[in-house]
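A.B. asks: Listed in order, the protein sequences are those of chains F and V. Sequential numbering of the first sequence, starting at 1, is according to our numbering. Sequential numbering of the second sequence, starting at 345, is according to our numbering.
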Amino acid sequence: MKDLPAGATTIPVLEVENLSTVFATQDGAVHAVNGVSFDLRPGELLGVVGESGSGKSVTMMSLLKLLPMPPARIASGSVKLGGRDILTVSDAELREVRGGKVGFVFQDPMTSLNPVFTVGYQLMEPLREHMGLSKAEARRRAAELLGLVGIPSPEKRLEDYPHQFSGGMRQRVMIAIALACDPQVLIADEPTTALDVTIQAQILDLVKELRERLGMAIVWVTHDLGVVAGIADRVMVMYGGQVVEQAGVHALFEDPRHPYTRALLETLPDMDGGRSARLRSIPGQPPVLRDVPTACPFAPRCAHAFEQCHRANPPLEPVGEGHLVSCWWDYARTGTGPEENTHA
Amino acid sequence: MLDAATESAPLVRIQGLSKHFPIHAGLIRRQVGVISAVDRLTFDIRRGETLGLVGESGCGKSTAGRTILRLYEATEGAIIFDGTDIAGLSGEQLRRMRPRMQMIFQDPQACLNPRMTVGQIIAEPLDEHGSLSRADKRARVEELLDAVGMNKGFANRYPHEFSGGQRQRIGIARALALDPDFIVCDEPIAALDVSIQAQVVNLLEDLQERLGLTYLFISHDLSMVRHIADRVAVMYLGKMAELASRDALYHEPLHPYTRALLSAVPVADPKIEATRKRVILQGDVPSPANPPKGCRFCTRCPIAVDKCQWEVPEWREARPGHFVACHLAE
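1) In chain order, what residues of the stretch 52–65 of chain F put their CB closer than 8 Å to some CB of chain V?
2) Shorter than 8 Å from the beta carbon of residue 504 of chain V to some beta carbon of chain F?
3) Take residue 1 of chain F and list the residues in its own chain whose beta-carbon comes closer than 6 Å to its own, dropping the five residues that flank it on each side.
4) Using only alpha-carbon positions, find the residue among F/91, F/12, F/155, F/173 that is nearest to residue 103 of chain F.
5) List, in order along the chain, the chain F residues whose C-beta lies closer than 7 Å to that of residue 546 of chain V?
6) Mind checking residue 199 of chain F: buried by the 16 CB within 10 Å criterion, or exposed?
7) Taking C-beta to C-beta, are residue 168 of chain F and residue 203 of chain F nearer than 8 Å?
8) Just to confirm the assignment, what range does the alpha helix (DSSP H) spanning residue 418 of chain F have?
9) Under the rule that 16 or more other beta-carbon atoms within 10 Å means buried, what is residue 466 of chain V, buried or exposed?
10) Could you name the residues of chain V that residue 193 of chain F contacts, counting a contact when the two beta carbons are closer than 7 Å?
11) Keeping to the same chain, check which residues put their C-beta closer than 7 Å to that of residue 498 of chain V; ignore five residues upstream and five downstream.
12) Would the beta-carbon of residue 585 of chain V fall within 8 Å of that of residue 379 of chain V?
13) Nearest by alpha-carbon distance to residue 511 of chain V: which of V/381, V/457, V/409, V/619 is it?
14) Using CA atoms only, rank isn't needed, just tell me which of V/389, V/648, V/673, V/672 is closest to residue 625 of chain V.
15) Which one or two residues does DSSP pair with residue 31 of chain F in a beta bridge?
16) Taking the beta carbon of residue 654 of chain V as the centre, do at least 16 other beta carbons fall within 10 Å, making it buried, or is it exposed?
17) Strictly under 8 Å for the Cβ-Cβ distance: is residue 469 of chain V near chain F by that measure?
18) By the three-class DSSP mapping on this structure, what secondary structure does residue 422 of chain V have?
19) In chain order, what residues of the same chain lie with their CB nearer than 7 Å to the CB of residue 291 of chain F, ignoring the 5 residues before and after it?
20) Please check if any C-beta of chain F sits within less than 8 Å of the C-beta of residue 511 of chain V.
21) For the stretch 351–360 of chain V and the stretch 598–617 of chain V, state whether three or more C-beta atom pairs, one from each stretch, are separated by less than 8 Å.
22) What is the DSSP secondary structure of residue 673 of chain V, reduced to helix, strand or coil?
23) Taking 8 Å as the threshold (beta carbon to beta carbon), is residue 522 of chain V in contact with chain F?
24) For residue 582 of chain V versus residue 422 of chain V, is the C-beta spacing smaller than 8 Å?
25) Please give me, in chain order, every unbroken run of the beta strand (DSSP E) with length at least 3 that falls completely inside the stretch 216–282 of chain F.
26) Can you find a CB in chain F that lies within less than 8 Å of the CB of residue 579 of chain V?
27) Quick one: Cα of residue 283 of chain F to Cα of residue 427 of chain V, how far?
28) Residue 169 of chain F CB to nearest chain V CB: under 8 Å?
29) Could you work out which residues of chain V lie near residue 250 of chain F, taking near to mean beta carbons separated by less than 8 Å?
30) Please state whether the Cβ-Cβ distance between residue 235 of chain F and residue 50 of chain F is less than 8 Å.
31) What number of angstroms, rounded off, separates the C-alpha of residue 165 of chain F from the C-alpha of residue 143 of chain F?
32) If you measure from the beta carbon of residue 348 of chain V to each beta carbon in chain F, is any gap under 8 Å?
33) Tell me whether the stretch 249–261 of chain F and the stretch 324–332 of chain F touch, counting them as touching only if at least three CB pairs, one residue from each stretch, are closer than 8 Å.
34) Measuring from the CB of residue 264 of chain F, is there a heavy atom of the ligand ATP at a distance below 7 Å?
35) Rounded to the nearest angstrom, what separates residue 669 of chain V and residue 663 of chain V at their Cα positions?
36) Give the DSSP bridge partners of residue 15 of chain F, in chain order.
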């Protein structure tokens, strides 16, 4: 694990509490995110892992109200940035936060850059908007940022349009834009998923280096457990719109407690197993979240589920040093978790 | 499985296979150049084996797979399938070979007609190439659904009613309909979630064992290829860089690109990740419309010498069964 940069405190920069997001669809409501809570300390890299539909992206979009509303609606919760709840601030203040204190990098750099403006224009816009820089100052800073993310001859490339960059270079541009206003928090949603492995390795390397130099806190959303193992300090595992486990990266990989986390790690091909070993798979399908779950969302696919799992949704409880799990089986097995009968 | 495969003659022999796409520009769409998507590939696919074909996007691996099945017209070279060169076949002769070679596609959403029922989708190859009665066809569809682990009653449903993993099973059932010998699997699990990927890979392995299938498994996922393949081929910018048995390729890669590619794959273990040394390649893959003159990897190669800039490395058997195209490999 990386040491926190000098001067870092343990007071969280970002505190998310009991966040729930609901979508209104033609077929009724979809409860995409249900009571998600987590915090992020300065300089920390939190990995968020989950499969499609687990609610990881919707959680991140909800933090800055980036979802179209309607159909989306934030049903409950608070998102405190430096102590202030940004879900309740005015639109003008929210604009200050977006791209200012919080930078965002999305999965697909082609669709999140505007194809009709030069990269330089798109980099200078937040600088002028949030930092009030003059055109010349913004230009100088924009070139500096492109250089920072490793784009060769940055001054010249300011004049280029997004299509003139390769996929990996475009993602670097996105990171440069996200970093433009010295954010306290960088939220990266599957930023390397669309990239090839050798380019992904370049970007991961860059992020590690930038984090050491700039000391910001990062939330890194991915479905790739390998990426998380390489860069995260702490990991949060999501399933069915809720957090099922949260732990330090070493604890999570050495002592996974939730049956979903354990199954997920077991589905990965063993590097030395070869064909002789059959892959472990998780039977069944992820849930469709029509209602607020009244049982553990993983229970129908869980090898350890018993009667209680189908009757009550387990709360996220501390089971070890900085290790949180939401699983009745684990509480019973290890003698941790809440009192047996609280749900009855 | 590999032992049995080594003894028998190859099912598919690819010799000097190229596929060039023309580039048109200007008012009268004159041809101004070519993209050599696949350039002079030579390799064998042994009967009953799984040959993994890996590489990054744009390296030509999918084009190679499609050209081998004659879904694209080869620009030059031979595709010898079970003794017959199918590169030159046309019309009825080619049509008669088609049932023996099938394909499974990446996106099970895009490759299933949304207006056809699952039963119609699976039966379509039977209509085209077979002469079964209605009742026999129905029985065959049910048998195929059963083989891919799906309920027989699903034959009357439509693709949108199924999840990604189930749709991929439908695609597999369709590919199996005509009892093929050889299946090109083009990124069959790339669009699926991790927990579902394992289900589909296990199914492909079971079917291979039961039906004696030969697979060309195209993927960018090196750890999954390591699991499923007997031998692995690596492509870079339209060229074959290396081909070897799985263990030789993963333990003793000879080509610098293979080494960089393997070292870039993240490992799901924080202890290993913390101590690992990566070969981080500089820059991007050059455009296939204007590839480097000598070795195509020379612009990013960490060990390139002068010779690599102007002389194309020969595809040679550096060790028994271990092929490589690199001047510096021993």
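Every residue, glycine too, gets a C-beta built ideally from N, C-alpha and C.
C.D. replies: Taking the structure as given:
1) 52
2) Not a single CB atom of chain F sits nearer than 8 Å to the CB of residue 504 of chain V.
3) Unreliable placement is indicated for residue 1 of chain F, whose pLDDT of 43 sits below 50; the coordinate value is still reported in the next sentence. Once the five neighbours on either side are set aside, the close Cβ partners of residue 1 of chain F are 233.
4) F/173
5) 278, 279, 281, listed in chain order.
6) buried
7) Yes; because the gap between Cβ atoms is below 8 Å, this pair is in contact.
8) The structure shown does not extend to residue 418 of chain F, since chain F is modelled only from 1 to 344, so the question has no answer here.
9) Buried.
10) Those within 7 Å of residue 193 of chain F in chain V number zero; the least Cβ separation is about 11 Å.
11) 462, 489
12) No, these two residues do not count as a Cβ contact at 8 Å.
13) V/457
14) V/648
15) F/22
16) exposed
17) no
18) strand
19) 31
20) no
21) Output reads no: the stretch 598–617 of chain V does not touch the stretch 351–360 of chain V.
22) coil
23) no
24) No, these two residues do not count as a Cβ contact at 8 Å.
25) As far as the stretch 216–282 of chain F is concerned, its whole beta strand (DSSP E) runs of at least 3 residues are 217–222, 234–239, 242–248.
26) no
27) 42 Å
28) yes
29) What residue 250 of chain F touches in chain V, judged by beta-carbon distance under 8 Å, is 614, 615, going in chain order.
30) no
31) 15 Å
32) Its pLDDT being 47, under 50, residue 348 of chain V is placed unreliably in this model, and the value from its coordinates should be taken loosely. No, no contact with chain F.
33) yes
34) In the structure shown, the ligand ATP is absent, as is every other ligand, since no ligand is present at all.
35) 12 Å
36) F/39, F/80
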